[in-house]
Each structure stands twice: as structure tokens, then as C-alpha cells.
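Protein chains in written order, with the working numbering: chain X, 3 to 463; chain Z, 42 to 291.
Think of the CB as a built atom: it goes at the ideal place given N, C-alpha and C, for glycine as much as any other residue.
Since we're looking at a predicted model, the values are computed, not measured.
Put into C-alpha cells, the structure is as follows:
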């Protein structure tokens, strides 16, 4: 007795979603092993999708004419006729929502393995029992445990379950059709569910992660030492194929090797910005929006830093607008750069709302290409991990990317020679020297720092 | 250069009714499904006038009643919208095991475009791809339409290149569902060009792209109804039967 999921297949490394042209079987139909069940179309190519299992098509989760992201469950096959009704009764009427939750924004390029996001502020108590829970990799299709029980879980949930040693059979899924989501596994493992999802280089987040790291360390040495804390896409000993987004990152990063880039760093005092953020937080303004706005307003005065080398390398291209892209790591690997278009001319509240919408749609892989490919300048923020400095790789087709680190209290000598404590963050600009020269980068950073240090209130106007 | 494996070439000298050519493709596909290591095959031919629709194609792009089409209309197992075939258009149907060619359908489409681009480059014409608009374009006009179908990575259907035939049949449809995009033919650039002149260079360009050596069918590989059943049907319109030609070495 088992249920087998039919996934939207990857018919190409460049395919992100596919259209279901036709279901060749109806729910209730008998399906032989190797028999075509449906037809998927991508671009001008059709492919018959065959069942790997003999059984019955129990549920169609995405009807013909619909489009689903690669890897999404689009139908269920059960082994016996008796299971059809059970699976059908549990089936959601709407398409299954994508289960993967986005991870904290990592800088695209450099360190795609964000550290210890899930380790933030682990309450020590619930961790202990988890450590002794049996590790049942219900995810493995060939595992007898999986075959014996009826478990529907997202791929991410399965991976997490095997990493954290959580028995999927014991969980009640919060997803459609009782599907176990990554969050359910985290909850069961005593991991905080409210991990920072997007880069928010706010004081609060930084403090929380600093404290959290300490307590997590304590917990780890105590009980949960065996559970890996960092993100991983495979188990030890495995070699895991790159997914579409990861392949896209490889292509983009390789393309950047042909760009003569250089780095310029700057330390910015953020006491005023942090105070402003505290005031506006209640109104829904995010730190991402504040930083994007500050960068955009400064870029509008420094068009050279918003420019890029033309595709054939023979000209400098000055974009018609200031579109700030912000790198967001996807939990299932790869990353995406949703774009805040016209960020210099859009008010903070709209930017914050737009950003929330972009991130939630990025999470469900619903972004349109012009929503992640039209950035003229990129922001990458690792501040929420307490990172004190890093540099970023330039996305192809743009002239510069700014790496933003954590804002932290620092002992500072003032101009008058006094010693004081101020909150400071380091930013590091990567720029294409064919377009942007050292003086351009320096003047841009000086103005950005001046705006953030002396006049952040102007961002609200 | 990877070592070349051989593929069987079936090259017809006169227009082949669509249903017959489709049947051949399915026979060749069935051979590869039964034995994925079997030789791949290639059909090069022309069709009498007809229309075909992809499996998911909309009938909204037909300028006529689907129940009463001006030429035979087929809904077939490929991707893409409606297209038109007629004499003067070269049609290339590779039946390949795409797992030997990258197992990537988008890559396969780009490679088919590449075959035509290579061919036209040899004629001094700089044809191009247009992002998101599969096919081969020259000065804003679409010269080659592409649509494929696959089962267990064994391909069917392929590309159609307008050489010197009438384009009238395209006026009754919105080709590939793209309104406002013109269809072109090579003879508008090269007035003397004929499909027959292009067969050998097209096959050579294909063989190069896919690293295949083309050879004629052996006795056991021949298609049972080739070319005996080529009598024109009531709607066929082609007067003479097709004869397989010896392939030209690439």
C-alpha cells in the first residue's frame, strides 16, 4: 500500500514550469508501469509523462491547461483500487501550494550556504527529546518504512526530517491534503518556525541572532549535537544534481568571471537609521525597503553607478530607471533577485508592500521574468547573521552590487578625539571597472553614508 | 568532435501526405522505444498542403471552420500552435533518442534552430533566434517553424523551412499563434533557390550539429510502406510517388 506522487518533470535545465496539455488518464483509471499518464508542454516541445508505478490514478491536482513549477506534485497514483477513494477524499480541490519556504537572503554570489538560520534562539527544552527520536528517513522511496505508512510530505520537509531526525509518520501536516511542510518538521524538531526569511539588517534581528547563536551553542553542546545546523541540499556521501535555479546561478557566476571588477568598502554609522526603522516598523516599513530606498535615491544622483557595460562590450548603457534588485536565497537552493522598480521614486510604504509581495511570490516561484531580471543595481544583505563584512559577485548585465553586513555597536573615536560607542555597518561595493571607476564608487558610497548617517528621515518623504 | 554514430536517412523526392509521414515517424519511434540503443532516423520530405495543430493548440488561430478546413487538418502529438505545410517547404523529422543528445528539450529546440541558422549562414544569410519565439527568423520574418513531441525522450516531428513555395496557406491561420508576425520564405532573399538544392546542405548541417553520420536504410530497417503507398489521396494533390534518394555524404 502506497501512494506515489506524480511530479512536474524537468524536461530541460532551463525549464522552470510546465503546462499540462492533457491528462491521458482520468482519476480512477488503471495505470500500467511505463504507461503515459499525461502530456506536458514547455516551449514548442511536448513530452509524454509515464508512470513509474503500476496502480490507479487517484487524484489530479493540476488540471489540463494548468501550469505547475518543476517538481510540484500534480497527481497521485495509488496501488490498489480501494485506496482511490481515500486519496481522493483527502485531496485538495485547489492545486497544491508550493511547500518550500524561502530562506534568509544570502548574497547571491559568494557564500550561498547561509549559516545556521534555523539555529537562531533554539529553546533548549524541546531539543532534548528530539535528539533521541529515531531517525526514520520516510522520504526515501525505497524505504520499507515509507511504503508501509501513507506519508505525503514536501521534498524539503523530507530532507529536513532526515537531517533533524524527525519521524514523518508521527506528524500531522499543515499543508493541503495533510501534506507535511518544512515548517511542520521544524516545529516537531523544536526549531523556531519564525526564522528570519528575508534579509532584514535591523538592529533587532542582529541582536536576536547574536544572542540566539549563543544559546543555540549551549543547546547544541548539551543535547542536539548530532543534528546539522547549516543548510545542506544532500546527505553525507551523496552527490546531488543542481536544480534549475542553482544551474542559473552557476551560469551567472561564470559569466561574471569575464568582468574586470573591483571592490570599495565603507563603514556607515547607523544610529539614526536604526532609530528611524524602530519608528516606522509598526507601519509595516522593512529594513530592506529602507536600504533599497537609500541606495536608489543615491543612485539617482550617481547615474554612472547605475550604468552597465552593453551586451557587446562596446558601450555604456544608462538604464531609464533605478531598479534595485535584492538577492533572496531560495530554501531549496539557488537564489533569485526580485526587483523594486523605480525605487528612487516610490515611497517607502509602497516599497515595503511590494517587497513583501515579491518575496511571497518568489517563494511560490510565481515571479514573472521582468520581476527578477530587470534590476539595474543589486543589494545583498547578510546582516541578520551578524556577518561583519563580505563581498559579492556582480550579476551579469549590471554595473554594481552592494554587499551589506550587520550593524553592530562599535567603539569609535570622534573627530574631537572622544571615545564613544556607535552602531556601524560595513558595506562593500563590487563594480565593473569598464563603466564604474574608483572615484565613481567612492563618491557614491560617501553620499550613501552621508544620507544614512545624517538625513535618513528624508527617505520617508 | 565526438565520434559520429550513424542514423538512417529517409529522403523522399516527392510530396508525402502528412498522415503517411506521421505513421512512418511513429514506426521509427516505436523501434527506438522497444530498443533505446537502436539506430536513430531522419525523414526529409515535403508535404502536400495541410495544416497541423499541436496537442495543446488553440483552434482560435484558425481562420476557418475546423470541421471544414481548406486543406487536411491534423491534431498531432507535438508542442506548439497551428502551422501549415505545402510543397516548396522542406520538412525535417528527426526521430532521435534525446538521451544521447543531452536529454534537454529546450536544448533540442535550440539545436534544431541552429541547424537552420548554420544552413542559412552557408548561403550568406544571417538568420537568428528570437527569445521566446521558437523558430528561425530572418529580418523579422519567420522562415522555419519548429515543434516537437517526445515519449521517453524519443523525438517526433521537427522543423519546417519555407524555401520557395506559396505562402498563401498561412494567410488562413495565425501561424504558431503569433499574430502580427510575418512568415517568410527563402526565395524572397534568394530568388533562384529550390528545396532540392538545399536538401544536401540541410542534411549536412543537421549531421554536424548532432554528430551523426547519415546512411540509407538496410533491408530490415526499411519502412514497410515506403514508397509503395505514396499514391496521392483524394486530398493529396501530389502527382508522382516519392522515391528514396541516396543520401549525400555530409
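**Message:** Can you look up residue 296 (chain X) in the DSSP assignment and give me helix, strand or coil?
**Reply:** The sequence position of residue 296 (chain X) within the first chain is 294, counting from 1. DSSP places residue 296 (chain X) in helix when its eight states are reduced to three.
**Request:** Would you verify that the beta carbon of residue 73 (chain X) is, or is not, closer than 7 Å to some beta carbon of chain Z?
**Result:** As a position in the first chain, residue 73 (chain X) is number 71, starting the count at 1. By this cut-off, residue 73 (chain X) is not an interface position.
**Request:** Compile a chain-ordered list of the residues in the stretch 164-193 of chain Z whose CB is closer than 9 Å to at least one CB of chain X.
**Result:** 173, 175, 176, 186, 187, 188, 189, 190, 191, 192, 193
**Asked** Looking at the structure shown, is residue 440 (chain X) part of a helix, part of a strand, or coil, going by DSSP?
**Response** As a position in the first chain, residue 440 (chain X) is number 438, starting the count at 1. Helix at residue 440 (chain X).
**Prompt:** With distances taken between CB atoms, is the gap from residue 327 (chain X) to residue 377 (chain X) smaller than 7 Å?
**Reply:** Indexing the first chain from 1 puts residue 327 (chain X) at position 325. Indexing the first chain from 1 puts residue 377 (chain X) at position 375. Contact: yes.
**Asked** Where does the unbroken alpha helix (DSSP H) through residue 374 (chain X) begin, and where does it stop?
**Response** Counting from one through the first chain, the residue named residue 374 (chain X) turns up at place 372. Element bounds for residue 374 (chain X): n/a, residue is neither H nor E.
**Message:** Please state the DSSP three-state secondary structure of residue 169 (chain Z).
**Reply:** As a position in the second chain, residue 169 (chain Z) is number 128, starting the count at 1. In the structure shown, residue 169 (chain Z) sits in a strand (DSSP, three-state: E or B).
**Message:** Residues in the same chain with beta-carbon distance under 8 Å from residue 277 (chain X), minus the five sequence neighbours each way, listed in chain order, please.
**Reply:** The count along the first chain starts at 1 and reaches residue 277 (chain X) at position 275. For residue 277 (chain X), where only same-chain residues beyond five positions count, there are no Cβ hits under 8 Å.
**Request:** Name the one or two DSSP bridge partners that residue 268 (chain X) has.
**Result:** Stepping through the first chain from its first residue, residue 268 (chain X) is reached at position 266. Answer is X:429.
**Prompt:** Along the chain, which unbroken stretches of the beta strand (DSSP E) at least 3 residues long are found entirely within the stretch 192-227 of chain Z?
**Reply:** 195-203
**Prompt:** Under 7 Å Cβ-Cβ, which residues of chain X neighbour residue 106 (chain Z)?
**Reply:** On the second chain, residue 106 (chain Z) is found 65 positions in, with the first residue counted as 1. Here the premise fails: no neighbours, minimum Cβ distance about 23 Å.
**Item:** Where residue 147 (chain Z) meets chain X, residues with beta-carbon distance less than 9 Å
**Value:** Counting from 1 along the second chain, the entry for residue 147 (chain Z) is found at position 106. Under the 9 Å cutoff, chain X gives 13, 14, 15, 16, 17, 44, 45, 47.
**Prompt:** If you draw a straight line from the C-alpha of residue 372 (chain X) to the C-alpha of residue 234 (chain X), how long is it?
**Reply:** As a position in the first chain, residue 372 (chain X) is number 370, starting the count at 1. As a position in the first chain, residue 234 (chain X) is number 232, starting the count at 1. Approximately 30 Å between the Cα atoms of the pair.
**Request:** Scan the stretch 115-133 of chain Z for residues whose Cβ lies nearer than 7 Å to a Cβ of chain X and list them as they occur along the chain.
**Result:** 118, 119, 120, 121
**Request:** Could you name the residues of the stretch 203-233 of chain Z whose beta carbon sits closer than 7 Å to any beta carbon of chain X, in the order they occur along the chain?
**Result:** Residues passing the 7 Å Cβ filter: none.
**Request:** Look up residue 386 (chain X) in the DSSP assignment and say whether it is helix, strand or coil.
**Result:** Position 384 of the first chain, counted from the start, is the residue given in the question as residue 386 (chain X). Correct three-state label for residue 386 (chain X): helix.
**6 Å Cβ shell around residue 195 (chain Z) - same chain, five flanking residues per side excluded** = As a working note, residue 195 (chain Z) is residue 154 in the second chain. Taken in chain order, the residues that qualify are 70, 73, 74, 138.
**Item:** Runs of beta strand (DSSP E) lying entirely within the stretch 292-359 of chain X, each at least 3 residues, in chain order
**Value:** 326-328
**Request:** Anything in chain X within Cβ reach of residue 150 (chain Z), meaning under 9 Å, just list it in chain order.
**Result:** Looking up residue 150 (chain Z) in the second chain gives position 109. Per Cβ cutoff of 9 Å: 14, 45, 46, 47.
**Message:** With a threshold of 7 Å between beta carbons, is residue 41 (chain X) in contact with chain Z?
**Reply:** The residue labelled residue 41 (chain X) in the question sits at position 39 within the first chain. Output row for residue 41 (chain X): interface = yes.
**Asked** Hey, would you say residue 236 (chain Z) sits closer than 7 Å to residue 215 (chain Z), going by beta carbons?
**Response** The residue labelled residue 236 (chain Z) in the question sits at position 195 within the second chain. The residue labelled residue 215 (chain Z) in the question sits at position 174 within the second chain. It is not a contact, given that the beta carbons lie outside the stated cut-off.
**Asked** Cα separation between residue 132 (chain Z) and residue 260 (chain Z)?
**Response** One-based indexing of the second chain puts residue 132 (chain Z) at position 91. One-based indexing of the second chain puts residue 260 (chain Z) at position 219. C-alpha separation (whole angstroms): 24 Å.
**Item:** Selection from Z:80, Z:163, Z:107 that minimises the alpha carbon distance to residue 254 (chain Z)
**Value:** Locating residue 254 (chain Z) in the second chain gives position 213, where the first residue counts as 1. Ranking Z:80, Z:163, Z:107 by Cα distance to residue 254 (chain Z) puts Z:80 first.
**Message:** Applying the 10 Å Cβ sphere with the 16-neighbour rule, what's the burial state of residue 30 (chain X)?
**Reply:** To locate residue 30 (chain X), count along the first chain from 1; it is residue 28. Only exposed fits residue 30 (chain X), as fewer than 16 other CB atoms lie within 10 angstroms of its CB.
**Asked** Which partner residues of residue 115 (chain Z) appear in the DSSP bridge assignment?
**Response** Numbered from its first residue, the second chain carries residue 115 (chain Z) at position 74. DSSP lists Z:93 as the bridge partner or partners of residue 115 (chain Z).
**Asked** What three-state label does DSSP hand residue 138 (chain Z) in the structure shown?
**Response** Sequence index remark: in the second chain, residue 138 (chain Z) carries index 97 (1-based). Residue state, collapsed to three classes: strand.
**Message:** So residue 301 (chain X) and residue 379 (chain X) are supposed to be a Cβ contact under 8 Å. How far apart are they, rounded?
**Reply:** Taking the first chain and counting its residues from 1, the one referred to as residue 301 (chain X) is at position 299. Taking the first chain and counting its residues from 1, the one referred to as residue 379 (chain X) is at position 377. Right, their Cβ atoms sit about 6 Å apart.
**Asked** What are the start and end residues of the alpha helix (DSSP H) that includes residue 242 (chain Z)?
**Response** The residue given as residue 242 (chain Z) occupies position 201 in the second chain. Note, residue 242 (chain Z): alpha helix (DSSP H), 236-250.
**Prompt:** Whose Cβ in chain Z lies nearer than 7 Å to the Cβ of residue 23 (chain X)?
**Reply:** Taking the first residue of the first chain as position 1, residue 23 (chain X) is located at position 21. Near residue 23 (chain X) (Cβ distances below 7 Å), the residues of chain Z are 96, 97.
**Asked** Helix, strand or coil for residue 1 (chain X) per DSSP?
**Response** Residue 1 (chain X) lies beyond the residue range present for chain X, which begins at 3 and ends at 463; the question has no answer from this structure.
**Request:** Go ahead and pull the three-state DSSP assignment for residue 449 (chain X).
**Result:** Your numbering for residue 449 (chain X) matches position 447 in the first chain. Helix.
**Asked** When you compare only the Cα positions, how much space is there between residue 280 (chain X) and residue 409 (chain X)?
**Response** As a position in the first chain, residue 280 (chain X) is number 278, starting the count at 1. As a position in the first chain, residue 409 (chain X) is number 407, starting the count at 1. Distance between the alpha carbons of residue 280 (chain X) and residue 409 (chain X): 14 Å.
**Request:** For chain Z, find out if any of its Cβ atoms is closer than 7 Å to the Cβ of residue 372 (chain X); answer yes or no.
**Result:** Against the first chain, residue 372 (chain X) aligns to sequence position 370. Not one chain Z Cβ lies under 7 Å of residue 372 (chain X).
**residue 155 (chain X) burial status per 10 Å Cβ neighbour count (16 or more: buried)** = Walking along the first chain from the start, residue 155 (chain X) turns up at place 153. It is buried - the Cβ of residue 155 (chain X) has at least 16 other Cβ atoms within 10 Å.
**Message:** For a test of the three-state rule: what should DSSP assign to residue 458 (chain X), helix, strand or coil?
**Reply:** Translated into the one-based positions of the first chain, residue 458 (chain X) becomes position 456. Residue 458 (chain X) falls in the helix class under three-state DSSP.
**Request:** Would you please verify whether the beta carbon of residue 50 (chain X) is less than 7 Å from any beta carbon of chain Z?
**Result:** Against the first chain, residue 50 (chain X) aligns to sequence position 48. It does: the Cβ of residue 50 (chain X) has a partner Cβ on chain Z nearer than 7 Å.
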